[in-house]
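A.B. asks: Residue numbers (the working numbering): 1408 to 1543.
If you want it as C-alpha cells, here you go:
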C-alpha cells in the first residue's frame, strides 16, 4: 500500500470505528467456520468439514455486537479447491466482497496444522504475490 491508500483505509476505519469486517479464506475443512464461531462467541456458522456439500456452499456473513462494536465475519467456501473453475471462484470472491460492503478490514488466511503439498505452497505464494505485490 502506498501512503494514499493507507490514508484512505485509515479514513474509512475512522468513519466506522465501531464496525469491523473480517473475511476468512482457506481450504475446505481447515477450520474457517470454527474460527468464525470463536470470533463471534457462539455456534453461528455451520462448518462443512467432511460434508459432501462443502463444494457447493457459498459465502456466509453474520454480525454480532460485542462491547459496543459490531463484528461482521464472512465465512467463505474452500477457495483453494482445485476442482473449482476459475470463473466460479471469481464469482464467489465478488459475492464475498458484497457481503462485507464497503469492504473488509482484514482477510485472514486460515490454515490447518499440517504439511503443505507443493501445489498448496505455490498457490499461497502466487496468491500472496498477486495481492501484496513483491513485498511478500
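Note that the Cβ used here is the ideal one computed from N, Cα and C, for glycine as well. Here the structure is a predicted model, which is why all the values come from computation and not from measurement.
Have a look at residue 1475 and residue 1436 and give me their C-alpha separation to the nearest angstrom.
C.D. replies: 32 angstroms
A.B. asks: Buried or exposed: residue 1532, going by 16 or more other Cβ atoms within 10 Å of its Cβ?
C.D. replies: Under this definition residue 1532 is an exposed residue.
A.B. asks: List the endpoints of the continuous alpha helix (DSSP H) containing residue 1440.
C.D. replies: 1439-1447
A.B. asks: Nearest-angstrom Cα distance between residue 1443 and residue 1454?
C.D. replies: Going by the C-alpha atoms only, they are around 10 angstroms apart.
A.B. asks: Along the chain, where does the alpha helix (DSSP H) that runs through residue 1494 open and close?
C.D. replies: Per DSSP, residue 1494 belongs to the alpha helix (DSSP H) from 1493-1506.
A.B. asks: Starting from residue 1427, trace the beta strand (DSSP E) both ways and give me its first and last residue.
C.D. replies: For residue 1427, the uninterrupted beta strand (DSSP E) run begins and ends at 1426-1432, by DSSP.
A.B. asks: Could you please give the first and the last residue of the uninterrupted beta strand (DSSP E) stretch that includes residue 1514?
C.D. replies: Unbroken beta strand (DSSP E) run through residue 1514: 1513-1516.
A.B. asks: Quick one: give me the first and last residue of the beta strand (DSSP E) that residue 1520 is part of.
C.D. replies: Residue 1520 -> no beta strand (DSSP E), and no H or E assigned at all.
A.B. asks: Using the Cα positions of residue 1528 and residue 1504, report the straight-line distance between them to the nearest angstrom.
C.D. replies: 25 angstroms
A.B. asks: For residue 1607 and residue 1512, what's the separation of their Cα atoms in angstroms?
C.D. replies: With the chain covering 1408 to 1543 only, the question about residue 1607 has no answer from this structure.
A.B. asks: For residue 1492, count neighbouring Cβ atoms within 10 angstroms of its own Cβ and tell me buried if that reaches 16, exposed if not.
C.D. replies: exposed
A.B. asks: For residue 1490, name the three-state secondary structure that DSSP assigns.
C.D. replies: Here residue 1490 carries a coil assignment [DSSP, helix/strand/coil].
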